[in-house]
Structures are given as C-alpha cells and as structure tokens.
Amino acid sequence: MKKFTQKKQLTAVIMAASLAFASLTGCSSSSAGKEPAGQETEAAVNVSLDDVLNKIKEAYGEGYIPNTPMDDQMLNDVIGLSPELCESYVAEMPMISTFVETFIGVKAKEGKGDDVEKALTEYRERLVGDTMQYPMNVSKIQASQVVRHGDYVFFVMLGGPDDAAMEQGDEAALKSAEENNKIAIDVIDGFFK
1 MKKFTQKKQL TAVIMAASLA FASLTGCSSS SAGKEPAGQE TEAAVNVSLD
51 DVLNKIKEAY GEGYIPNTPM DDQMLNDVIG LSPELCESYV AEMPMISTFV
101 ETFIGVKAKE GKGDDVEKAL TEYRERLVGD TMQYPMNVSK IQASQVVRHG
151 DYVFFVMLGG PDDAAMEQGD EAALKSAEEN NKIAIDVIDG FFK
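Residue numbers for the sequence shown follow my numbering, so the first one is 1 and each next one is one higher.
Printed below as a string of structure tokens:
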C-alpha cells in the first residue's frame, strides 16, 4: 500500500511540473486549434480540439495522467499516424513509460478521415496484442477506444480501473477501466450533438 501511495505522490508531483511546463509552452501541436473559418466537416461542426482536451482534463481533474505533448515525429514514429493526414491535432502521453494513458484528437484533412481512423485503430490493436505490458496497464489498454465524428478522430486511453476493482480481478478491472474511459468519450460526444 505504501508503494502505491508513493507512486500517487510521484504522479502528482510530475503532473504539477508538467502543467507548469505546459502553461509556458502550450499543450498541442503548432497547428492545433487553427481550423480554417467557415469550413464544415462531415460532422457539420467546427470543433476546437484544444477545447475538447481542456474539457477532458477538467472532467478527470488530478486523474488525468498524460503530461507530455506529442510532436509530429512522435505522432509518426510512436503512433504510426502521419501528420500529413492531419489538419490539426492534440496528442498527449505520459512522461513515464510505466503509464500508458494517452489522448489523441485529430481533425483529419478533407477526405483523410478513414486513413486517420485506420492508423489509430492499428495503434490500438498493436497495444492490445503486446503481451509485454505491465499488468496494471492491461485493462486500461483493453478499455481504450477509437471514436470518430466525421473528420474528427480520437484515440482515448484514459481513466484506469479503480483500486477496489483491481483487487476483485481482471473482469472487474476491465469493467471499471471501461467506465472511467467513457468519461472522455462522453465529453467528446458532447461536442458533436
């Protein structure tokens, strides 16, 4: 129990430092939030990805773990998503590799939504198939989702299982992780109603 508490304290310190850093440098790619005015997507809306990310961070509070913005190279090399497919994006992952919580929001270039969805789905499938994951991350990965609204495509792997669910076994852990991941899905869906 003491080890788990220390990990929470370390996470809180890292998150506080990263938030301070993010406030100085910004939290998204240089093209994020610069959607051309007046353009409509298949979803018939023009959503700010920064607004989506901020609302998700607000929903999770201190439970939002990703603290490192991804740049074009990380998006391409780690995720397998070419920035050339993106009109804009926001993408964050943890600084510490023992955590897997990740959020990616993309506004695909016109006609490239299928390609973006395919890349994010393939990334998710690689994670699910990776048998070398830390046991604490398995339910988080299995609960992850790719969500699409027209040209907007999201990869959501947030909100792992509650401690009590972890103690009850794999099935309870997965159910809890799915419920906690759904917090972000509901926020996203709310932007497209």
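Quick reminder that beta carbons are idealized off the backbone N, C-alpha and C, glycines included.
Just so you know, these numbers come straight off a predicted model, no measurement behind them.
Tell me the DSSP secondary structure of Met95 in three-state form.
coil
Could you check if Ala164 is buried or exposed, using at least 16 other CB atoms within 10 Å of its CB as the buried criterion?
exposed
Just to confirm before moving on: does the CB-CB distance between Leu53 and Phe99 stay below 8 Å?
no
With a CB to CB cut of under 7 Å and the five nearest residues on each side skipped, what residues in its chain are close to Gln145?
Val156, Asn181, Ile185
What is the DSSP secondary structure of Thr102, counted as helix, strand or coil?
strand
Here's the rule I'm using: 16 or more other beta-carbon atoms within 10 Å means buried, otherwise exposed. How should Gly105 be labelled?
buried
Which word fits Met132, buried or exposed, when buried means at least 16 other C-beta atoms lie within 10 angstroms of its C-beta?
exposed
When you compare the CB positions of Ala91 and Ile183, do they come within less than 8 Å of one another, or not?
no
In the DSSP assignment, the beta strand (DSSP E) including Met157 goes from what residue to what residue?
152 to 157
Mind reading off the beta-carbon distance from Lys194 to Asp151? Whole number of angstroms is fine, and I expect it under 8 Å.
This structure does not reach residue 194, given that the chain is present from 1 up to 193, and the question cannot be answered.
Would Tyr89 and Leu127 be called neighbours here (beta carbons separated by less than 8 Å)?
no
Which two residues bound the contiguous beta strand (DSSP E) that contains Gln145?
Looking at the DSSP string, the run of the beta strand (DSSP E) that includes Gln145 is 145 to 149.
In whole angstroms, what separates the C-alpha of Asp77 from that of Glu171?
Going from the Cα of Asp77 to the Cα of Glu171 covers about 33 Å.
Given a threshold of 16 other Cβ atoms within 10 Å of its Cβ, counted over all protein chains shown, does Pro135 qualify as buried or as exposed?
exposed
Taking Gly159 and Ala173 to be in contact with their CB atoms under 8 Å, please state how far apart those CB atoms are, rounded to whole angstroms.
Not quite, the Cβ-Cβ distance comes to about 12 Å (not below 8 Å), so this is no contact.
For a test of the three-state rule: what should DSSP assign to Val90, helix, strand or coil?
strand
Looking at C-alpha atoms only, which residue of Ile141, Leu81, Ile96 is the closest neighbour of Asp115?
Of the candidates Ile141, Leu81, Ile96, the one whose C-alpha sits nearest the C-alpha of Asp115 is Leu81.
Would you report the Cα separation of Asn67 and Val187, rounded to the nearest angstrom?
Spanning the two alpha carbons is a distance of roughly 19 Å.
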